[in-house]
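A.B. asks: After the structure tokens below, expect a handful of questions from me.
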Amino acid sequence: MKQTIILTMLLSLTLSCASSESRDGASDEPGLMNKIIEKANSEEGQKAIQMGKEKLQDPATQEKLKGLLSKEKKKKEVPGVPAQ
1 MKQTIILTML LSLTLSCASS ESRDGASDEP GLMNKIIEKA NSEEGQKAIQ
51 MGKEKLQDPA TQEKLKGLLS KEKKKKEVPG VPAQ
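So the sequence shown is numbered by UniProt numbering: it starts at 1 and just counts up by one.
Here you go:
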């Protein structure tokens, strides 16, 4: 469970950082997205992805995630202001 959450957070953070980077076509360094793709295509990455998929199919994990999402949604609501 912790590995799935960590992997999800890492991918989310990485994608948000990658989307905010400026595009520099003259750079010879492999981009962040290329590094992510390489890691995901590696044996270790494939195992982590498969384990994450299996965990997400678990009903207990789904309930925990629903609870976490509802807590986050409640935190974002401002008291006294109706949600639209």
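Think of the CB as a built atom: it goes at the ideal place given N, C-alpha and C, for glycine as much as any other residue.
Closest Cβ-Cβ distance between residue 72 and chain B: below 8 Å?
C.D. replies: No chain B appears in this structure, which consists of one protein chain only.
A.B. asks: Which class does residue 67 belong to by DSSP, given the choice of helix, strand or coil?
C.D. replies: Position 67 of the sequence shown, counting from 1, holds the residue named residue 67. Residue state, collapsed to three classes: helix.
A.B. asks: Is residue 1 helix, strand or coil when you go by DSSP?
C.D. replies: Taking the first residue of the sequence shown as position 1, residue 1 is located at position 1. Under the three-state reduction of DSSP, residue 1 is assigned to coil, being neither helix nor strand.
A.B. asks: Taking DSSP as the reference, what is the three-state secondary structure of residue 26?
C.D. replies: Residue 26 sits at position 26 when you count from the first residue of the sequence shown. Since pLDDT at residue 26 reaches only 47, below the 50 mark, its modelled position is unreliable, and no value is offered.
A.B. asks: When you compare the CB positions of residue 7 and residue 52, do they come within less than 8 Å of one another, or not?
C.D. replies: In the sequence shown, residue 7 corresponds to position 7, counting from 1. In the sequence shown, residue 52 corresponds to position 52, counting from 1. Their beta carbons are under 8 Å apart, which means residue 7 touches residue 52 by this criterion.
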